[in-house]
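Numbering (the working numbering), first residue to last: 2 to 417. Take a look at the structure set out below.
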């Protein structure tokens, strides 16, 4: 079963709000074997809606629409659906009673005529009752395509998708199984990873596809298997992952789509019963933010010192002024003292420190823009690495954060 997701609203097209509905719907459909072929955002305009509907008719089996079902005059979706299906609006008594009761209970007032008119639905529609809002969902079919119209309010859309749309699709349509497996790698770029697994990728069976999902410092490999026999697909993916582990096991850190490097590092620290602290300059507390975002981080993360100004490095992290004078504030020597002293201050097994010039100007140092020094104090000594991440500023900071966590992960892994 193939699907298209449409979001309707000028506020999306002008960037006033971000479309999160499409991602939620796509994930829900993917879990039940519905293949989303495209996502579209269109204007609150009758012609735009009609043209889009016509272009999708018989092209896909399912069209899910969000937005445009509100009570105001600029919400034209419902009337346009009537035009497309050559239908008329009729009053749904059950929806009207729900709207009146909800308005009186939630807002302590009588429902206006505009509110009550939300009970008007196309006569050909199967009504999807919205228990958490006033705009009902609608399910209509024309020839070989089902059109499902949902409110744009996220929590209302989610309720209808989870409790009505997905169960209805599951009960009425036969679909293939779609199984995803994600491999999380760190430390090598997309092209190098692709080169290492080229033959493995060439040998993939035709029911399995591979996608590369790169991000700074990491690459996720997503394997997708499609077919009617779930056990066969799972067994095939199991064997493929085992052979992939033999090829690039040195850079694989996890097999969870949502797993991040800070989660991986945290889990390893817990397993080894180790603790960590951070001392940050150019990264401005971002490493601390990521580490602390993991549930249970208090068990291994002791704290952070963000010493952005040179004077604060001396005062808070006890970096020696002569080290700064001799090597400059952006140097491996300063990063090393920051890490070692943070390790002592917080009494931890590990401490990560960053100092650099994120740009665009040179600042207090003569170091070139993009230069970053990262030091990792460990129970066995101190590792210091130098990088130049180029520009822009945001890229320098993000890559420094990723590289810091990557150094941490690799060091712990060496001692497992």
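Note that CB positions come from ideal geometry on N, CA and C, so glycine has one too. Computed from a predicted structure; not experimentally measured.
Exposed unless 16 or more other CB atoms sit within 10 angstroms - verdict on residue i
i: residue 422; result: Because the chain spans 2 through 417 in this model, residue 422 falls outside it and cannot be assessed.
i: residue 171; result: exposed
i: residue 348; result: exposed
i: residue 15; result: exposed
i: residue 272; result: exposed
i: residue 428; result: Not covered by the structure: residue 428. The range shown for the chain is 2 to 417.
i: residue 152; result: buried
i: residue 165; result: buried
i: residue 332; result: buried
i: residue 210; result: exposed
i: residue 316; result: exposed
i: residue 361; result: exposed
i: residue 214; result: exposed
i: residue 48; result: exposed
i: residue 38; result: exposed
i: residue 237; result: buried
i: residue 420; result: Any question about residue 420 goes unanswered here, given that the chain covers just 2 to 417.
i: residue 310; result: exposed
i: residue 108; result: exposed
Residue from the options whose Cα sits closest to the Cα of residue i
i: residue 182; options: 265, 225 and 327; result: 225
i: residue 72; options: 154, 5 and 410; result: 154
i: residue 30; options: 2, 11 and 19; result: 2
i: residue 126; options: 9, 120, 142 and 116; result: 142
i: residue 376; options: 369, 412 and 116; result: 412
i: residue 241; options: 219, 206 and 214; result: 206
i: residue 391; options: 410, 409, 359 and 405; result: 359
i: residue 354; options: 326, 314, 325 and 371; result: 314
i: residue 46; options: 59, 70 and 37; result: 70
i: residue 410; options: 255, 394 and 194; result: 255
i: residue 406; options: 187, 79 and 80; result: 187
i: residue 282; options: 78, 168 and 335; result: 335
i: residue 369; options: 397, 17 and 309; result: 397
i: residue 55; options: 145, 414, 381 and 286; result: 145
i: residue 60; options: 123, 345 and 147; result: 147
i: residue 190; options: 216, 173 and 140; result: 216
i: residue 340; options: 308, 204 and 106; result: 308
Start-to-end residues for the alpha helix (DSSP H) that takes in residue i
i: residue 275; result: Careful: residue 275 lies outside any alpha helix (DSSP H) and carries neither H nor E.
i: residue 171; result: 167-173
i: residue 362; result: Where residue 362 is concerned, there is no enclosing alpha helix (DSSP H), given that its DSSP letter is neither H nor E.
i: residue 194; result: 191-197
i: residue 154; result: Premise fails: residue 154 is in no alpha helix (DSSP H) and is neither H nor E.
i: residue 394; result: 394-415
i: residue 80; result: 78-85
i: residue 311; result: 311-318
i: residue 90; result: Careful: residue 90 lies outside any alpha helix (DSSP H), inside the beta strand (DSSP E) at 90-92.
i: residue 261; result: No alpha helix (DSSP H) contains residue 261, which DSSP labels as neither H nor E.
i: residue 235; result: 231-249
i: residue 326; result: 322-328
Per DSSP, cross-strand counterpart(s) of residue i
i: residue 345; result: Residue 345 pairs with nothing; no bridge assigned.
i: residue 378; result: 352 and 383
i: residue 43; result: 9
i: residue 306; result: 280
i: residue 36; result: 3
i: residue 372; result: 389
i: residue 127; result: 140
i: residue 253; result: 186
Close-in-space but distant-in-sequence residues of the same chain around residue i (CB under 7 angstroms, 5 per side omitted)
i: residue 228; result: 177, 178, 208 and 234
i: residue 35; result: 2, 4, 63, 170 and 176
i: residue 116; result: 72, 100, 104 and 135
i: residue 295; result: 263, 264 and 267
i: residue 300; result: 271
i: residue 120; result: 92, 93, 96, 97 and 100
i: residue 20; result: 8, 13 and 42
i: residue 202; result: 211
Enclosing beta strand (DSSP E) for residue i [first to last residue]
i: residue 185; result: 178-187
i: residue 4; result: 3-9
i: residue 215; result: 209-216
i: residue 150; result: 146-151
i: residue 67; result: 63-67
i: residue 123; result: 121-123
i: residue 227; result: 219-228
i: residue 143; result: 138-143
Neighbourhood of residue i by C-beta, 6 angstroms cutoff - its chain only, sequence neighbours within 5 removed
i: residue 388; result: 373
i: residue 1; result: Only positions 2 to 417 of the chain appear in this structure, which leaves residue 1 out of reach.
i: residue 305; result: 279 and 289
i: residue 249; result: 197
i: residue 40; result: 6 and 23
i: residue 132; result: none
i: residue 185; result: 221, 254, 255 and 260
i: residue 65; result: 6, 26 and 149
Cβ neighbours of residue i in the same chain (closer than 8 angstroms, five flanking residues each side left out)
i: residue 408; result: 353, 375, 377, 384 and 386
i: residue 158; result: 22, 25, 26, 67, 151 and 152
i: residue 163; result: 29
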